[in-house]
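Enquirer: Shown below is the structure under consideration.
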Amino acid sequence: MSKKENIAPGSIGLPVLLVDDEPELIKGFSVALRGMGFKNVLSLTDGREVMPLLARQDVSLIVLDLSMPHVSGRELLAEVIAAFPAVPVIIATARGEIETAVECMRSGAFDYLVKPVEKGHFEASVKRASELALLRGEVNSLKRRLLSGALENEAAFSGIITVNKALRAVLGYVEAIAPSDQPMLITGETGVGKELVAKAAHDVSNRGGAFVAVNVAGLDDTMFSDTLFGHKKGAYTGADESRDGLITQAGGGTIFLDEIGDTTESSQIKLLRLLQERKYYQLGSDVPRESAARVIVATNHDLQALLSEGRFRKDLYYRLCAHTAAIPPLRERKEDIPLLINRFFDDASRSMKKARPQAPPELVTLLKTYSFPGNVRELQAMVWDAVARHKGGPSVSMESFKAVVGQRGYGVRDEGRAVSEHIFDNCTTDNFPTLKAADELLIKKALELSSGNQGIAGMLLGITRQALNKRLVRKKN
């Protein structure tokens with residue numbers, strides 16, 4: 013039986029990713045892989061490019077050098093496992109790093125190879141990893157459909173960093189209805205990226221005009237009309253000359269109205285007329301003007317609730333909801349956190365003209381315990397603040413992140429309380445837990461939520477890492 017036949021069927025189709033800053037080592041690995049039947053081999057010499065590549069390309073397995081410039085292999089391993097747990101990662105390490113490699117195995121690496129790597133050991137490790145990848149084939153197949161099959165215009169959505177299935181499905185829907193002239197309603201909490209989705213829809217549509225965005229929250233009826241429709245000279249005091257509104261600027265493109273749920277009834281009536289008749293009036297004019305712009309609106313409010321309260325017109329709502337896209341909050345797509353962190357570190361460092369610092373290995377675990385009321389925008393602000401504060405050294409400090417997370421509270425603490433209340437609601441005098449049992453339950457839950465990180469678990473419990481460690485030691489004894 014040939015070596016190619018020894019490889020698990022179906023695992024050869026997806027590429028193997030080699031990540032090493034030594035070109036000769038990559039060349040040797042590539043030759044060995046092709047001899048085993050892997051026709052598609054990708055390679056990167058810069059660790060910073062790994063997560064963006066994985067966001068757009070499925071791979072069967074990764075061979076990762078532990079010692080890399082810019083981004084350490086250990087940090088990359090944590091990010092890959094967090095975002096792509098189905099992809100086996102083989103660590104390549106120097107002899108003096110074996111202890112670290114073993115720690116990486118405990119963190120989720122599939123195997124490790126000691127340099128100089130023997131061909132037989134390399135092929136055996138790759139074969140086992142390929143067989144593991146085959147067992148996860150059904151999940152990988154679904155991921156391929158979501159990541160590469162759903163979107164035909166990946167470039168238009170490049171500003172939206174996600175591997176979340178629910179959000180990818182929403183983006184697929186947005187892409188499908190992008191050419192429509194009908195209005196579109198985008199819903200979601202503050203900071204989820206509603207404007208990015210609207211801009212992507214415009215880019216996919218290939219409309220001839222511009223994309224023009226405006227936040228209409230807080231605009232009274234006059235300001236709303238003046239901003240969108242413009243005015244004629246003398247329309248009001250101070251209107252010394254005529255001015256076109258944003259509808260005219262958009263032309264045949266897209267006008268994006270953010271926070272539409274905060275508009276007045278008079279403004280809603282004018283918007284409804286624009287949607288129904290494709291006509292509007294400038295302030296101070298009784299001559300209708302035509303609009304060819306597509307209207308996309310967004311809100312962080314529950315419009316159904318506003319309807320029941322009489323604060324939003326039903327006829328406008330039914331006109332707007334011809335196409336609706338609901339963007340999930342960041343707390344429901346935490347697998348995106350490592351990818352977003354990587355992008356924001358790159359962006360912040362480039363903007364501030366600083367050497368790119370690294371994220372501490374425990375940062376992703378910490379942030380996954382947080383509910384992010386400000387969503388992606390809040391995460392971006394946290395990373396930019398950390399980069400701005402960074403004075404030197406390989407990694408940014410955790411302190412600014414801990415300050416935000418500790419000050420605003422952990423979203424998971426609500427979950428913990430709900431579980432505890434449920435347990436105690438069913439307690440009687442016969443099965444009421446002792447203080448020791450309740451203490452052990454809380455510690456167990458905190459360690460589960462923090463993936464075993466005692467520092468973060470201690471923060472969840474309101475105690476120090478040292479205090480938690482002492483409790484765990486006493487429990488063992």
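FYI, in my numbering the residues of the sequence shown are 13 to 489.
Cβ atoms here follow ideal geometry from the backbone N, Cα and C, with glycine treated the same way.
I believe alanine 371 touches valine 416 by the beta-carbon criterion, under 8 Å. Please report the beta-carbon distance rounded to the nearest angstrom.
Expert: Position 359 of the sequence shown, counted from the start, is the residue given in the question as residue 371. Position 404 of the sequence shown, counted from the start, is the residue given in the question as residue 416. 15 Å between Cβ atoms; not a contact.
Enquirer: Which residue spans inside the stretch 167-217 form an unbroken alpha helix (DSSP H) run of at least 4?
Expert: Listed in chain order, the complete alpha helix (DSSP H) runs (minimum 4 residues) inside the stretch 167-217 are 177-189 and 206-217.
Enquirer: Would you list, in sequence order, the uninterrupted alpha helix (DSSP H) runs of no fewer than 4 residues that lie entirely inside the stretch 43-101?
Expert: Entirely contained in the stretch 43-101, the alpha helix (DSSP H) runs reaching 4 residues are, in chain order, 62-68 and 85-95.
Enquirer: On the criterion of 16 or more Cβ atoms from any shown chain inside 10 Å, does aspartate 238 qualify as buried, or is it exposed?
Expert: Here the question's residue 238 lines up with position 226 in the sequence shown. Counting Cβ neighbours within 10 Å, aspartate 238 comes out buried, since at least 16 surround it.
Enquirer: DSSP three-state call for isoleucine 468: helix, strand or coil?
Expert: One-based indexing of the sequence shown puts residue 468 at position 456. Three-state DSSP puts isoleucine 468 in a helix.
Enquirer: Check whether the Cβ atoms of glutamate 201 and asparagine 387 lie closer than 8 Å to each other.
Expert: Sequence index remark: in the sequence shown, residue 201 carries index 189 (1-based). Sequence index remark: in the sequence shown, residue 387 carries index 375 (1-based). Yes, they are a contact pair.
Enquirer: From the DSSP output, which residues share a beta bridge with serine 407?
Expert: Against the sequence shown, residue 407 aligns to sequence position 395. Gln370.
Enquirer: At 4 residues or longer, and completely inside the stretch 317-358: list those alpha helix (DSSP H) runs for me, N to C.
Expert: Within the stretch 317-358, the complete alpha helix (DSSP H) runs of at least 4 residues are 326-332.
Enquirer: Taking its Cβ as the centre, do 16 or more other Cβ atoms sit within 10 Å of phenylalanine 444, making it buried, or is it exposed?
Expert: Locating residue 444 in the sequence shown gives position 432, counting from the first residue. Exposed, by the Cβ-count rule.
Enquirer: Would you grab the beta carbon distance between alanine 178 and arginine 345 for me? Rounded to a whole angstrom, and I think it's under 8 Å.
Expert: Stepping through the sequence shown from its first residue, residue 178 is reached at position 166. Stepping through the sequence shown from its first residue, residue 345 is reached at position 333. With a Cβ gap of about 7 Å, alanine 178 and arginine 345 count as contacting.
Enquirer: Who are the Cβ neighbours of phenylalanine 169 in its own chain at under 7 Å, not counting the five residues just before and after it?
Expert: Working through the sequence shown from its first residue, we reach residue 169 at position 157. Excluding sequence neighbours, phenylalanine 169 sits near Leu163, Leu183 and Ala212.
Enquirer: Pick out whichever of Phe356, Leu295, Glu253 and Arg343 has its Cα sitting closest to the Cα of aspartate 397.
Expert: Taking the first residue of the sequence shown as 1, we reach residue 397 at position 385. Aspartate 397 has its Cα closest to that of Phe356, out of Phe356, Leu295, Glu253 and Arg343.
Enquirer: Check this for me: beta carbons of valine 376 and glutamate 91, under 8 Å apart or not?
Expert: Here residue 376 corresponds to residue number 364 of the sequence shown, with the count starting at 1. Here residue 91 corresponds to residue number 79 of the sequence shown, with the count starting at 1. Result yes, Cβ atoms of valine 376 and glutamate 91 sit closer than 8 Å.
Enquirer: For the beta strand (DSSP E) that arginine 306 lies in, which residues bound it at each end?
Expert: Translated into positions along the sequence shown, residue 306 becomes position 294. Note, arginine 306: beta strand (DSSP E), 306-311.
Enquirer: I'd like to confirm the pairing. Which residues does DSSP put opposite glutamate 302 in its beta bridges?
Expert: Residue numbering aside, residue 302 sits at position 290 when the sequence shown is read from its first letter. Paired residue(s): Lys291.
Enquirer: Below 8 Å on the Cβ atoms is my contact criterion, and I expect lysine 127 with alanine 104 to pass it. Report the Cβ-Cβ distance as a whole number of Å.
Expert: To locate residue 127, count along the sequence shown from 1; it is residue 115. To locate residue 104, count along the sequence shown from 1; it is residue 92. Confirmed, about 6 Å.
Enquirer: Got a sec, what are the start and stop residues for the beta strand (DSSP E) threonine 266 sits in?
Expert: Here residue 266 refers to the residue found at position 254 of the sequence shown. 266-270 is the span of the beta strand (DSSP E), which, as asked, contains threonine 266.
Enquirer: Looking at glycine 265 and glycine 221, is the spacing between their C-beta atoms short of 8 Å?
Expert: Here residue 221 refers to the residue found at position 209 of the sequence shown. Here residue 265 refers to the residue found at position 253 of the sequence shown. Yes; because the gap between Cβ atoms is below 8 Å, this pair is in contact.
Enquirer: Out of curiosity, what's the CA-to-CA distance linking methionine 364 and alanine 400?
Expert: For this step, residue 364 is matched to residue 352 along the sequence shown. For this step, residue 400 is matched to residue 388 along the sequence shown. Cα to Cα, the separation comes out at about 8 Å.
Enquirer: Measuring alpha carbon to alpha carbon, tell me which of Lys487, Lys414 and Asn52 ends up nearest lysine 448.
Expert: For the purposes of this step, residue 448 is taken as residue 436 along the sequence shown, with counting starting at 1. Looking at the Cα atoms, Lys487 is the closest of the given residues.
Enquirer: Measure how close the beta-carbons of leucine 78 and glutamate 109 come, nearest whole angstrom, since I'm counting them as under 8 Å.
Expert: Taking the first residue of the sequence shown as position 1, residue 78 is located at position 66. Taking the first residue of the sequence shown as position 1, residue 109 is located at position 97. Going by Cβ atoms, the distance from leucine 78 to glutamate 109 rounds to 6 Å, so yes, they are a contact pair.
Enquirer: Are there 16 or more other CB atoms within 10 angstroms of the CB of glutamine 288, so buried, or fewer, so exposed?
Expert: Residue mapping note: residue 288 aligns to position 276 of the sequence shown, counting from 1. With fewer than 16 Cβ atoms within 10 Å of its Cβ, glutamine 288 is classed as exposed.
Enquirer: Just to confirm my understanding: we take isoleucine 267, look at its own chain, exclude 5 residues before and 5 after, and list those with CB closer than 7 Å. What are they?
Expert: Taking the first residue of the sequence shown as 1, we reach residue 267 at position 255. Result list for isoleucine 267: Val224, Leu258, Ile259, Ala305 and Val307, in chain order.
Enquirer: Flag this pair as yes or no: are the beta carbons of glutamine 280 and histidine 243 separated by less than 8 Å?
Expert: Position 268 of the sequence shown, counting from 1, holds the residue named residue 280. Position 231 of the sequence shown, counting from 1, holds the residue named residue 243. Cβ distance not < 8 Å, so glutamine 280 and histidine 243 don't count as in contact.
Enquirer: At the level of alpha carbons, what is the spacing between threonine 174 and alanine 67?
Expert: For the purposes of this step, residue 174 is taken as the residue at position 162 of the sequence shown. For the purposes of this step, residue 67 is taken as the residue at position 55 of the sequence shown. For threonine 174 and alanine 67, the distance between alpha carbons rounds to 7 Å.
Enquirer: Got a sec? Which residues, its chain only, sit under 6 Å from glutamate 277 by beta carbon, not counting five neighbours each side?
Expert: Mapped onto the sequence shown, residue 277 falls at position 265. Excluding residues within five positions, none has a Cβ falling inside 6 Å.
Enquirer: Taking the CB atoms as reference points, tell me whether proline 494 and methionine 63 lie closer together than 8 Å.
Expert: Past the edges of the chain, shown from 13 to 489, lies residue 494, and the structure says nothing about it.
Enquirer: Given that a residue counts as buried once 16 or more other Cβ atoms are within 10 Å of its Cβ, and exposed if not, what is leucine 472?
Expert: The residue given as residue 472 occupies position 460 in the sequence shown. The residue in question, leucine 472, is buried, as its Cβ has 16 or more Cβ neighbours within 10 Å.
Enquirer: Report back the beta-carbon spacing between valine 28 and valine 71 to the nearest angstrom; my notes put them in contact at under 8 Å.
Expert: Along the sequence shown, one-based indexing puts residue 28 at 16. Along the sequence shown, one-based indexing puts residue 71 at 59. Indeed they touch by this definition, with Cβ atoms about 7 Å apart.
Enquirer: Decide if proline 191 is buried, meaning its Cβ has at least 16 other Cβ atoms within 10 Å, or exposed.
Expert: Here residue 191 refers to the residue found at position 179 of the sequence shown. Exposed, since its Cβ has fewer than 16 Cβ neighbours within 10 Å.
Enquirer: Can you say whether alanine 338 is buried or exposed, counting buried as having 16 or more other CB atoms within 10 angstroms of its CB?
Expert: As a position in the sequence shown, residue 338 is number 326, starting the count at 1. Its Cβ having fewer than 16 others within 10 Å, alanine 338 is exposed.
Enquirer: Straight-line CA distance for glutamate 452 to asparagine 354?
Expert: The residue given as residue 452 occupies position 440 in the sequence shown. The residue given as residue 354 occupies position 342 in the sequence shown. Straight-line Cα distance between these residues: approximately 36 Å.
Enquirer: Based on Cα-Cα distance, which residue from Gly40, Arg107 and Asp58 lies nearest to glycine 132?
Expert: Along the sequence shown, read from residue 1 onward, the residue named residue 132 stands at position 120. Comparing Cα positions, the closest option is Gly40.
Enquirer: Grab the span of the beta strand (DSSP E) containing aspartate 123 for me, first residue to last.
Expert: Along the sequence shown, one-based indexing puts residue 123 at 111. Residues 123-126.
Enquirer: I think serine 55 touches leucine 73, with their Cβ atoms under 8 Å apart; what is that distance to the nearest whole Å?
Expert: On the sequence shown, position 43 is the one that residue 55 refers to. On the sequence shown, position 61 is the one that residue 73 refers to. Contact doesn't hold; Cβ gap of about 13 Å is too wide.
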